[in-house]
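Going from the sequence shown to the working numbering is simple: count from 1 and add 268.
The structure appears right after this line, and notes come after that.
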Amino acid sequence: MHGGSRRSWRSGPAAASQAKVSGPAAAPRPAPAGPAPDPRRLTSLLEPVVHAMNMDLEGIRVTTAGRRRVLRVIVDADGGVGLDDIALASRELSSRLDGAAEMGDAPYTLEVSSPGVDRPLTLPRHWRRNVGRLVVTSASESDEGQRIEGRITSASESGVILERDGVPREYRYADLGPGRVQVEFSHLEDETGEEDIGGH
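What follows is the structure, given as structure tokens:
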């Protein structure tokens with residue numbers, strides 16, 4: 269899988285029972301008590317767990333939903349990650365969080381997912397894991413303007429080769445902006461082995 273679809277898994281403490289409040293005088297739900305978790309400390313805590321499973325930690329985000337917090341963790345690996353990988357990562361990360369104080373005393377939900385096609389390509393591994401995909405990026409210096417569209421044919425630690433109009437062209441990452449994967453319905457059909465019957 270090249271990261272064309274996002275897979276996710278939720279875990280965490282059981283949801284607390286909530287009384288239903290109706291009428292115009294209903295008060296807003298209070299925010300979780302205590303300071304917000306530090307993403308840098310969470311990264312330091314969880315990254316070794318992810319690396320031990322031969323995955324990369326691609327992002328951490330903490331949001332608030334009523335009295336609960338939601339911890340979203342994005343993981344990826346060469347060859348992509350499947351539902352079994354996501355479930356394993358969720359169990360291992362949940363176990364590590366249970367033994368630490370980074371999330372505080374407020375109830376929270378852990379969501380583990382893989383990157384979707386909307387994830388910008390900013391690191392060499394992002395480009396490498398999307399070989400074969402059509403991408404759009406930009407160049408600070410280009411005879412053909414700012415926008416560059418091409419299919420990734422190979423990627424190294426220093427640069428990428430994009431096929432444009434049937435011609436492979438090499439670019440250094442330092443000369444490119446973030447890449448954006450373009451959704452191709454025919455390409456997705458080839459990967460899944462299914463046809464889109466409904467049409468668009």
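Beta carbons are placed, not taken as given, at the ideal position from N, Cα and C, and that holds for glycine.
For A355 and T405, what's the separation of their Cα atoms in angstroms?
33 Å
Beta-carbon spacing of L402, W395 below 8 Å:
Against a cut-off of 8 Å, the Cβ pair of W395 and L402 comes out as no contact.
Kindly indicate the opening and closing residues of the beta strand (DSSP E) around R336.
336-344
Please return the same chain residues whose Cβ sits closer than 6 Å to the Cβ of E315, not counting the five positions on each side in sequence.
If we look at E315 and ignore the five residues flanking it on each side, its Cβ neighbours are L325.
How many Å lie between I420 and A333 at the Cα?
39 Å
Have a look at the DSSP bridge pairing and note the partners of I420.
L430
From which residue to which residue does the beta strand (DSSP E) around A333 run?
Counting along the chain, the beta strand (DSSP E) containing A333 begins and ends at 324-333.
Taking the beta carbon of D353 as the centre, do at least 16 other beta carbons fall within 10 Å, making it buried, or is it exposed?
The residue in question, D353, is buried, as its Cβ has 16 or more Cβ neighbours within 10 Å.
Within the same chain, show all residues whose beta-carbon is closer than 6 Å to that of R437, passing over the 5 residues directly before and after it, in chain order.
These residues qualify, in order along the chain: L430.
First through last residue of the beta strand (DSSP E) which encompasses V403
402-406
To test your reading of the DSSP string, which unbroken alpha helix (DSSP H) runs of 4 or more residues are found completely within the segment 348-409?
351-366, 392-396
Taking C-beta to C-beta, are L432 and G447 nearer than 8 Å?
For the sequence presented, residue 432 should be read as Arg rather than Leu. Cβ distance not < 8 Å, so R432 and G447 don't count as in contact.
Where does P446 sit, in a helix, a strand or coil, going by DSSP?
Under the three-state reduction of DSSP, P446 is assigned to coil, being neither helix nor strand.
Span of the alpha helix (DSSP H) around E438:
Element bounds for E438: not the alpha helix (DSSP H) but the beta strand (DSSP E), 435-440.
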